[in-house]
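Q:
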Amino acid sequence: MTLTISSAFDAGNIRVVKIDGDQVELEIVKDHKSDFYQWFYFRLAGAAGRDVTLRIVNCTGSAYPHGWPDYKACLSVDREDWVRVADTIYADGVLTINLTPPTDCVWLAYFAPYSMERHHDLVTAIAGQEGVGYTSLGKSLDGQDIDCLTIGEGELKVWLYARQHPGESMAEWWMEGALEKLCDPDDPVSRVLRRECTFRVVPNMNPDGSRRGHLRTNAAGVNLNREWHAPSAEQSPEVLWVRNAMDDSGVDFAMDIHGDEAIPANFLAGFEGIPSITERQTDLFKIFSEMLERLSPDFQTTKGYQVAAPGEANMSMSTTQLAERYGCVSMTLEMPFKDNFNLPDPVYGWSPQRSKYLAAACLDALHGILPDLKNAKPS
Ligand code: ZN
Numbered sequence: 217m218t219l220t221i222s223s224a225f226d227a228g229n230i231r232v233v234k235i236d237g238d239q240v241e242l243e244i245v246k247d248h249k250s251d252f253y254q255w256f257y258f259r260l261a262g263a264a265g266r267d268v269t270l271r272i273v274n275c276t277g278s279a280y281p282h283g284w285p286d287y288k289a290c291l292s293v294d295r296e297d298w299v300r301v302a303d304t305i306y307a308d309g310v311l312t313i314n315l316t317p318p319t320d321c322v323w324l325a326y327f328a329p330y331s332m333e334r335h336h337d338l339v340t341a342i343a344g345q346e347g348v349g350y351t352s353l354g355k356s357l358d359g360q361d362i363d364c365l366t367i368g369e370g371e372l373k374v375w376l377y378a379r380q381h382p383g384e385s386m387a388e389w390w391m392e393g394a395l396e397k398l399c400d401p402d403d404p405v406s407r408v409l410r411r412e413c414t415f416r417v418v419p420n421m422n423p424d425g426s427r428r429g430h431l432r433t434n435a436a437g438v439n440l441n442r443e444w445h446a447p448s449a450e451q452s453p454e455v456l457w458v459r460n461a462m463d464d465s466g467v468d469f470a471m472d473i474h475g476d477e478a479i480p481a482n483f484l485a486g487f488e489g490i491p492s493i494t495e496r497q498t499d500l501f502k503i504f505s506e507m508l509e510r511l512s513p514d515f516q517t518t519k520g521y522q523v524a525a526p527g528e529a530n531m532s533m534s535t536t537q538l539a540e541r542y543g544c545v546s547m548t549l550e551m552p553f554k555d556n557f558n559l560p561d562p563v564y565g566w567s568p569q570r571s572k573y574l575a576a577a578c579l580d581a582l583h584g585i586l587p588d589l590k591n592a593k594p595s
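Going from the sequence shown to the numbering used here is simple: count from 1 and add 216.
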């Protein structure tokens with residue numbers, strides 16, 4: 217019997233080059249109107265008990281070639297639990313995944329997927345909770361809503377938004393954790409946060425890229441996190457609608473949630489290098505980072521991106537644009553596709569569950585710096 221591969225479903229991405237018995241050659245498909253690719257997600261059927269070798273042969277041209285060494289593919293037999301395939305090897309531009317599927321339908325992905333169907337389940341469940349408001353900020357190019365949930369009634373304006381880069385599905389697992397905690401009526405931290413802050417949460421900024429199985433861009437092939445200085449209704453409506461809503465509400469504290477292909481750690485990137493940076497902003501960013509590092513063994517401040525020199529920030533990115541535009545403290549949280557190598561888990565690697573725990577720790581850290589945020593708030 218011939219095994220089959222398919223990706224014609226929500227967030228699917230792969231192209232079959234050839235199938236020769238139990239040897240399969242595959243390519244990841246580029247984002248529509250873009251050269252970015254790295255996200256894959258497909259079903260392997262009819263291979264129960266057979267020693268199958270899957271070779272993804274176009275890794276060299278992918279967006280982040282440094283993402284492949286030490287990377288282990290994600291596998292699920294029930295579409296709920298995603299484990300790592302230990303026998304994943306990267307060499308000479310080819311990712312080789314060796315496995316013996318226990319059943320005739322198994323699923324493989326770059327990271328545990330967060331489908332648009334699950335997104336709708338999440339938004340519907342949270343919007344139905346006591347004290348939560350729902351707003352559609354506008355439509356994407358494919359006609360999907362940019363969903364925004366409002367929680368709390370405090371003076372501090374907090375924005376949490378994720379998945380500008382749709383292939384970074386850990387970002388929406390983080391959101392699921394954050395929203396569940398924020399809506400927990402018994403959680404003392406969330407009770408105080410809801411009293412002191414008004415949260416506006418956009419769990420998925422790029423629904424089109426998510427459904428299309430993109431790594432990094434929307435339906436027009438545009439990288440949304442390079443549009444914040446000049447978003448347009450034609451190219452980047454997702455950013456335009458969110459930024460307009462931020463202009464209306466104001467912003468005191470913001471987190472933009474991402475995944476990083478190469479660095480095996482959780483880390484923050486800030487807004488160094490913006491033209492009108494203040495000591496207050498840098499102090500608050502530092503206090504939050506240190507608080508989070510104390511609270512979560514999965515967070516650290518040693519590994520991360522290079523910091524921009526004074527005056528050299530890239531203002532097209534949301535974190536820098538928000539810090540400059542509103543004088544707020546804003547940050548990009550990066551989670552690994554691989555694992556936190558300081559606290560590795562060989563079975564799951566970095567995972568949905570750990571992303572959710574990190575979200576909870578981020579809210580605990582926000583609670584920890586509330587006095588600083590309130591004291592330092594400019595009048
Ligand atoms: Zn990203």
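Cβ atoms here follow ideal geometry from the backbone N, Cα and C, with glycine treated the same way.
Keeping to the same chain, check which residues put their C-beta closer than 6 Å to that of residue 515; ignore five residues upstream and five downstream.
A: Taken in chain order, the residues that qualify are 482, 508 and 509.
Q: Shorter than 7 Å, the distance from the beta carbon of residue 381 to the closest heavy atom of the ligand ZN, or not?
A: Result yes, Cβ under 7 Å from the ligand ZN.
Q: Just verifying my parser: in three-state terms, what is the DSSP assignment at residue 546?
A: Residue 546: strand per DSSP, three-state reduction.
Q: For the ligand ZN, any of its heavy atoms closer than 7 Å to the Cβ of residue 430?
A: Incorrect: residue 430 has no Cβ contact closer than 7 Å to the ligand ZN.
Q: Any chance the CB of residue 296 is under 7 Å from a heavy atom of the ligand ZN?
A: No, since every heavy atom of the ligand ZN falls outside the 7 Å radius drawn around the Cβ of residue 296.
Q: Between the alpha carbons of residue 573 and residue 513, how many angstroms are there, rounded?
A: Straight-line Cα distance between these residues: approximately 11 Å.
Q: Check whether the stretch 241-254 and the stretch 426-441 are in contact - that is, three or more C-beta pairs closer than 8 Å.
A: Yes: the two stretches touch, three or more of their Cβ pairs being nearer than 8 Å.
Q: So that I know if they touch, is there some Cβ in chain D lying closer than 8 Å to that of residue 358?
A: No chain D is part of this structure, which consists of one protein chain only.
Q: Going straight from the alpha carbon of residue 458 to that of residue 350, what length do you get?
A: Distance between the alpha carbons of residue 458 and residue 350 is about 14 Å.
Q: Quick one: what's got a C-beta closer than 7 Å to residue 436's C-beta in the same chain, skipping five residues either side?
A: Cβ neighbours of residue 436 beyond the five flanking positions: 249, 357 and 451.
Q: Alpha helix (DSSP H) containing residue 469: first to last residue?
A: No alpha helix (DSSP H) holds residue 469; the beta strand (DSSP E) holding it covers 469-476.
Q: Determine the DSSP secondary structure at residue 272, reduced to helix, strand or coil.
A: In the structure shown, residue 272 sits in a strand (DSSP, three-state: E or B).
Q: Whose C-beta lies closer than 6 Å to the C-beta of residue 486 among residues of the same chain, with five residues either side of it excluded?
A: Closer than 6 Å at the Cβ level, and outside the excluded window around residue 486, lie 501 and 547.
Q: Can you name, in chain order, every residue of its own chain whose Cβ lies under 7 Å from the Cβ of residue 174, other than the five neighbours on each side?
A: Residue 174 lies beyond the residue range present for the chain, which begins at 217 and ends at 595; the question has no answer from this structure.
Q: Taking 7 Å as the line, does the beta carbon of residue 475 fall inside it for any heavy atom of the ligand ZN?
A: Yes; taking the cut-off as 7 Å, the Cβ of residue 475 has a heavy atom of the ligand ZN nearer than that.
Q: Counting pairs of Cβ atoms below 8 Å between the stretch 558-572 and the stretch 290-302, do you hit three or more?
A: Taking 8 Å as the limit for Cβ pairs, the verdict is that the stretch 290-302 does touch the stretch 558-572.
Q: On the CB-based measure, 16 or more other CB atoms within 10 Å of its CB, does residue 563 come out buried or exposed?
A: So residue 563 counts as exposed.
Q: Quick one: grab the DSSP three-state call for residue 363.
A: In the structure shown, residue 363 sits in a strand (DSSP, three-state: E or B).
Q: Quick check on residue 295: does DSSP put it in helix, strand or coil?
A: Reduced to three states, the DSSP call for residue 295 is coil.
Q: So is residue 296 buried or exposed if we call it buried at 16+ other beta carbons inside 10 Å?
A: Result: exposed.
Q: What do you reckon, are the CB atoms on residue 328 and residue 284 nearer than 8 Å?
A: Their beta carbons are not under 8 Å apart, which means residue 328 does not touch residue 284 by this criterion.
Q: Consult DSSP for residue 573 and reduce its assignment to one of helix, strand or coil.
A: In this structure, residue 573 counts as helix in the three-state DSSP scheme.
Q: Who pairs with residue 325 in a beta bridge, going by DSSP?
A: In DSSP, residue 325 forms a bridge with 257 and 290.
Q: For residue 256, which residues in the same chain have their Cβ closer than 6 Å to its Cβ, ignoring the five residues on either side in sequence?
A: Excluding sequence neighbours, residue 256 sits near 229, 230, 244 and 326.
Q: Here's a check: name, in chain order, each residue in its chain whose Cβ is nearer than 7 Å to the Cβ of residue 583, leaving out the five neighbours to either side.
A: Excluding sequence neighbours, residue 583 sits near 405, 408 and 409.
Q: Compare the Cα-Cα distances from residue 555 to each of 382, 540 and 571 and report the closest residue.
A: Selected option, being the one with the closest Cα: 571.
Q: Spell out a yes or no on whether the stretch 412-426 and the stretch 360-368 are touching, meaning 3 or more CB-CB pairs, one atom from each, closer than 8 Å.
A: These segments touch.
Q: In the structure shown, what three-state DSSP assignment does residue 399 receive?
A: DSSP places residue 399 in coil when its eight states are reduced to three.
Q: DSSP three-state call for residue 409: helix, strand or coil?
A: Three-state DSSP puts residue 409 in a helix.
Q: In chain order, what residues of the same chain have a beta carbon less than 6 Å from the beta carbon of residue 303, not counting five sequence neighbours either side?
A: Excluding positions up to five away in sequence, the list reads 314.
Q: Starting from residue 442, trace the alpha helix (DSSP H) both ways and give me its first and last residue.
A: From DSSP, residue 442 is part of no alpha helix (DSSP H); its letter is neither H nor E.
Q: Given this structure, state the Cα-to-Cα distance separating residue 352 from residue 474, to the nearest angstrom.
A: Looking at the two C-alpha atoms, the distance is approximately 22 Å.
Q: Residue 445: which of 580, 270 and 533 sits nearest, CA to CA?
A: Of 580, 270 and 533, the residue nearest in Cα terms is 533.
Q: Whole angstroms are fine: how far does the CA of residue 223 sit from the CA of residue 428?
A: Computed Cα separation, rounded: 10 Å.
Q: Spatial neighbours of residue 376 within its chain, please: C-beta separation below 8 Å, excluding the five flanking residues on both sides.
A: These residues qualify, in order along the chain: 391, 394, 415, 416, 417, 418, 470, 471 and 473.
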